[in-house]
Amino acid sequence: MNSSPLQNGRLLPDSQSWNSSGSDEDLEAEPGPGPHGGVVEFSGVLSKWTNYIHGWQDRWVVLKNNTLSYYKSQDEREYGCRGSLCLSKAVITPHEFDECRLDISVNDSVWYLRAQDPEHRNQWIDSIELHRAESGYGSESSLRRHGSMLSLTSATSSYSATSTSSFKKGHSLREKLSEMETFRDILCRQVDTLQKYFDGCADAVNKDELQRDKMEDDEDDFPTTRSDEEILHNNNGSKEKLFQCLSHKGINGIDFKGEAITFKATTAGILATLSHCIDLMVKREDNWQKRLDKEMEKRRRVEEAYKSALSELKKKSHFGGPDYEEGPNSLINEDEFFDAVEAALDRQDKIEEQTQCEKSRIQRNSSLSPVDIYSTVGSHRFSEKVEEMVRNHITYSLQDVGGDANWQLVVEEGEMKVYRREVEENGIVLDPLKATHSVKGVTGHEVCHYFWDTDVRNDWETTVENFNIVETLSENAVIVYQTHKRVWPASQRDVLYLSAIRKILANNENDPDTWIVCNFSVDHEKAQQNNRCVRARINIAMICQTLVSPPEGDKDISRDNILCKITYVANVNPGGWAPASVLRAVAKREYPKFLKRFTTYVQEKTAAKPILF
Numbered sequence: 007m008n009s010s011p012l013q014n015g016r017l018l019p020d021s022q023s024w025n026s027s028g029s030d031e032d033l034e035a036e037p038g039p040g041p042h043g044g045v046v047e048f049s050g051v052l053s054k055w056t057n058y059i060h061g062w063q064d065r066w067v068v069l070k071n072n073t074l075s076y077y078k079s080q081d082e083r084e085y086g087c088r089g090s091l092c093l094s095k096a097v098i099t100p101h102e103f104d105e106c107r108l109d110i111s112v113n114d115s116v117w118y119l120r121a122q123d124p125e126h127r128n129q130w131i132d133s134i135e136l137h138r139a140e141s142g143y144g145s146e147s148s149l150r151r152h153g154s155m156l157s158l159t160s161a162t163s164s165y166s167a168t169s170t171s172s173f174k175k176g177h178s179l180r181e182k183l184s185e186m187e188t189f190r191d192i193l194c195r196q197v198d199t200l201q202k203y204f205d206g207c208a209d210a211v212n213k214d215e216l217q218r219d220k221m222e223d224d225e226d227d228f229p230t231t232r233s234d235e236e237i238l239h240n241n242n243g244s245k246e247k248l249f250q251c252l253s254h255k256g257i258n259g260i261d262f263k264g265e266a267i268t269f270k271a272t273t274a275g276i277l278a279t280l281s282h283c284i285d286l287m288v289k290r291e292d293n294w295q296k297r298l299d300k301e302m303e304k305r306r307r308v309e310e311a312y313k314s315a316l317s318e319l320k321k322k323s324h325f326g327g328p329d330y331e332e333g334p335n336s337l338i339n340e341d342e343f344f345d346a347v348e349a350a351l352d353r354q355d356k357i358e359e360q361t362q363c364e365k366s367r368i369q370r371n372s373s374l375s376p377v378d379i380y381s382t383v384g385s386h387r388f389s390e391k392v393e394e395m396v397r398n399h400i401t402y403s404l405q406d407v408g409g410d411a412n413w414q415l416v417v418e419e420g421e422m423k424v425y426r427r428e429v430e431e432n433g434i435v436l437d438p439l440k441a442t443h444s445v446k447g448v449t450g451h452e453v454c455h456y457f458w459d460t461d462v463r464n465d466w467e468t469t470v471e472n473f474n475i476v477e478t479l480s481e482n483a484v485i486v487y488q489t490h491k492r493v494w495p496a497s498q499r500d501v502l503y504l505s506a507i508r509k510i511l512a513n514n515e516n517d518p519d520t521w522i523v524c525n526f527s528v529d530h531e532k533a534q535q536n537n538r539c540v541r542a543r544i545n546i547a548m549i550c551q552t553l554v555s556p557p558e559g560d561k562d563i564s565r566d567n568i569l570c571k572i573t574y575v576a577n578v579n580p581g582g583w584a585p586a587s588v589l590r591a592v593a594k595r596e597y598p599k600f601l602k603r604f605t606t607y608v609q610e611k612t613a614a615k616p617i618l619f
């Protein structure tokens, strides 16, 4: 007879293989290392938002060991990184509208990054998620791989500790559990007693069978005839020997029937107690479920309040980020946009006043070229385009707009008048502008020369951050690339344009000659568009005519006898969204200031020089 295994006085089942986790998912095999022992380093160039002055700047970004670091350039890695973020608790958010942008935030620190195209952005996001997953902070599946297998003993003990503290008010369940312990001890002793009895019976039966086999062998050797009474007597003798054997082992003192009745009663008591315990636990479970539901509802409300407060805090702490710059999806409204532009322009005015004094001390010699080179177009690939632009401006820009209802007079200061009209192109508000002015003491040739000459551009131009000549087409035509100072929250602009200066001879000898500088946008392979600036398109003309009044007597013509009539025309496509109110404010404020500043500069530069017609 095979006995059931016993351990510490408890009857255990034959099969003791337990899945302590309680689910198949928790047994998922943990993935091994990659083919190279881990995730490889990922690096490249990304545009990073710096601040509202400098905007987007290219940075060398490195992803390694679950850390994102950036350097000013790849060549400066040896000098140390400019900043780094641990991706363990980082939140990676692809931008809703900009397909090239992703935001990475850790608490109050936010990095705004832009890739060169959506494909590169997705590669960065996938690489970051891969690093996070390998470090144990990725998706739910990765969390399961790093979970621990709770043993049955630890789970039971933790439950017991919870139960003890949970049932302080009611002791009925604890009493029933004590009864279960008592029944368990009684049952274990009964199992031991019954097992000994069964083992003794089995041994006695085995010995009796051996003795009977031996007697039968003896009878085969000496056959005799026996009556039925003798056979019955021998069987009774075997039973007597069996009970004598049991009596010799001390087993015949066991009341087998009584033990069986007691075993049955103990088992019935265990089942009844278990049923009572289950009822109590079901009731307690209902109560605890209600408490749990209330706590979860409280937690949900607190989490919503926390998210709302965090969202408001981020809006305040990151005011000035790329989401607050210009665009149809900007978080800043039109009034705030207008106020911000006004404030930025005021700051630029103060800087201009401080630097103007320094510039006036530096005298630049700008040599004037012979007049003949300005009378011809020149031979280059844009010659026909230049001739077309010049002809259009001479034909249409010099027409009087005083009676045209489409043009609105926005500024009138002495001889200066500024007109504008509002035009939309592909949903973008354009700002065609025309200004007329009269300046004494200078000629049209001098005004156009200083407007066209890039050597003195920084002496009077305050809105340009930097510029360079991309290509010199001829002596009177160049291609220029320039970036303008950023006026937050508007994005920074750059312009690539052809600048040509021409002299148009009058058809009538009584009419004055006309000087014109024509600037219009072109494309060039050496100045491609980038992510940091919005490319604006321009068509600008400075048209000047010199009027001479006869001097008194035989006196020579002096600067008191000359007057320059200026017509300035500007058609600018800003290349991006901007409120119409801001464009109106710029036309009303900046263009008159520009004309005054430039003409004053020309007067100062030519005051002590000979007149050049």
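Numbering (our numbering), first residue to last: 7 to 619.
In this text, a Cβ means the ideal position worked out from N, Cα and C, and glycines have one as well.
Source: prediction; values computed, not measured.
Proximity to residue i [Cα-Cα], best of the options
{"i": "E265", "options": "N57, N113, S317, C194", "result": "C194"}
{"i": "N412", "options": "Q129, P438, R190", "result": "P438"}
{"i": "T56", "options": "N113, L91, L119, S49", "result": "L119"}
{"i": "G420", "options": "Y77, K602, E187", "result": "K602"}
{"i": "F508", "options": "R492, H399, H443", "result": "According to the sequence displayed, residue 508 carries Arg and not Phe. Ranking the options by Cα distance to R508, first place goes to H399."}
{"i": "G582", "options": "F388, P495, I110", "result": "P495"}
{"i": "W62", "options": "F604, K300, H455, Q498", "result": "Q498"}
{"i": "T605", "options": "V211, M422, N537, R307", "result": "M422"}
{"i": "Q405", "options": "E348, T573, Y456, N516", "result": "T573"}
{"i": "W466", "options": "C283, Y607, V68, Y203", "result": "Y607"}
{"i": "V476", "options": "L511, E531, A512", "result": "E531"}
{"i": "N536", "options": "H101, C106, C570, R306", "result": "C106"}
{"i": "L569", "options": "R538, Q609, C539, E301", "result": "Q609"}
{"i": "T489", "options": "C207, H60, S184, L200", "result": "H60"}
{"i": "E187", "options": "D285, E102, E135, G275", "result": "G275"}
{"i": "E596", "options": "L108, E309, E348, W521", "result": "E348"}
{"i": "H101", "options": "Y77, R127, E303", "result": "R127"}
Boundaries of the alpha helix (DSSP H) in which residue i is found, first to last residue
{"i": "Y487", "result": "Unbroken run through Y487 is the beta strand (DSSP E), 483-490; no alpha helix (DSSP H)."}
{"i": "Y456", "result": "450-458"}
{"i": "E394", "result": "389-398"}
{"i": "W466", "result": "463-466"}
Neighbourhood of residue i by C-beta distance below 8 Å, restricted to the same chain and skipping five residues each side
{"i": "D529", "result": "L502"}
{"i": "S385", "result": "S480"}
{"i": "I544", "result": "V501, Y503, N525, F526, S527, A576, N577, V578, N579"}
{"i": "K245", "result": "With a pLDDT of 49 at K245, under the threshold of 50, the modelled position of that residue is not reliable, and the figure given next carries that caveat. No residues qualify anywhere along the chain."}
{"i": "D104", "result": "R120"}
{"i": "R427", "result": "N412, W413, Q414, P438"}
Residues of its chain near residue i, where Cβ-Cβ distance is below 6 Å and the 5 sequence neighbours each way are ignored
{"i": "D64", "result": "V51, S53"}
{"i": "Y425", "result": "V407, W413, L415, K440"}
{"i": "L436", "result": "V429, N579"}
{"i": "L12", "result": "Only weak support is given to the placement of L12: the predicted model assigns it a pLDDT of 35, under 50, and the value that follows is read from those uncertain coordinates. For L12, where only same-chain residues beyond five positions count, there are no Cβ hits under 6 Å."}
{"i": "Q80", "result": "W66"}
{"i": "V97", "result": "S111"}
Limits of the beta strand (DSSP E) - the one that residue i falls within
{"i": "E477", "result": "470-480"}
{"i": "D500", "result": "499-510"}
{"i": "D81", "result": "Note, D81: premise wrong, no beta strand (DSSP E); not H, not E."}
{"i": "V528", "result": "Careful: V528 lies outside any beta strand (DSSP E) and carries neither H nor E."}
{"i": "V68", "result": "62-70"}
{"i": "A533", "result": "Counting along the chain, A533 falls outside any beta strand (DSSP E), and DSSP gives it neither H nor E."}
{"i": "T442", "result": "439-446"}
{"i": "Q414", "result": "414-419"}
{"i": "R426", "result": "422-426"}
{"i": "S53", "result": "48-55"}
{"i": "S90", "result": "89-92"}
{"i": "T631", "result": "In the structure displayed, the chain extends from 7 to 619; residue 631 sits before or after that span and is not available."}
Distance cut-off 7 Å: residue i Cβ against heavy atoms of the ligand NAP
{"i": "D209", "result": "Annotation note on the ligand NAP: not contained in the displayed structure, which lists no ligands."}
7 Å CB neighbourhood of residue i in its chain, flanking five on each side removed
{"i": "Q196", "result": "E265, T268, F269, T272"}
{"i": "W458", "result": "S505, I507, V523"}
{"i": "K95", "result": "V112"}
{"i": "N567", "result": "V554, S555, P557"}
{"i": "A350", "result": "V493, W494"}
Extract the residue ranges of the alpha helix (DSSP H) inside the region 105-145, only unbroken runs of 4 or more that lie entirely within it. The qualifying runs are 124-140.
Could you name each continuous beta strand (DSSP E) segment of 3 residues or more that falls completely within the region 537-596, going from the start of the chain to the end? 543-554, 568-579
Taking contact to mean at least 3 C-beta pairs separated by less than 8 Å, is the region 460-470 in contact with the region 560-572? Not touching, per the Cβ criterion.
Is there contact between the region 608-618 and the region 482-490, where contact requires at least three CB pairs shorter than 8 Å? no
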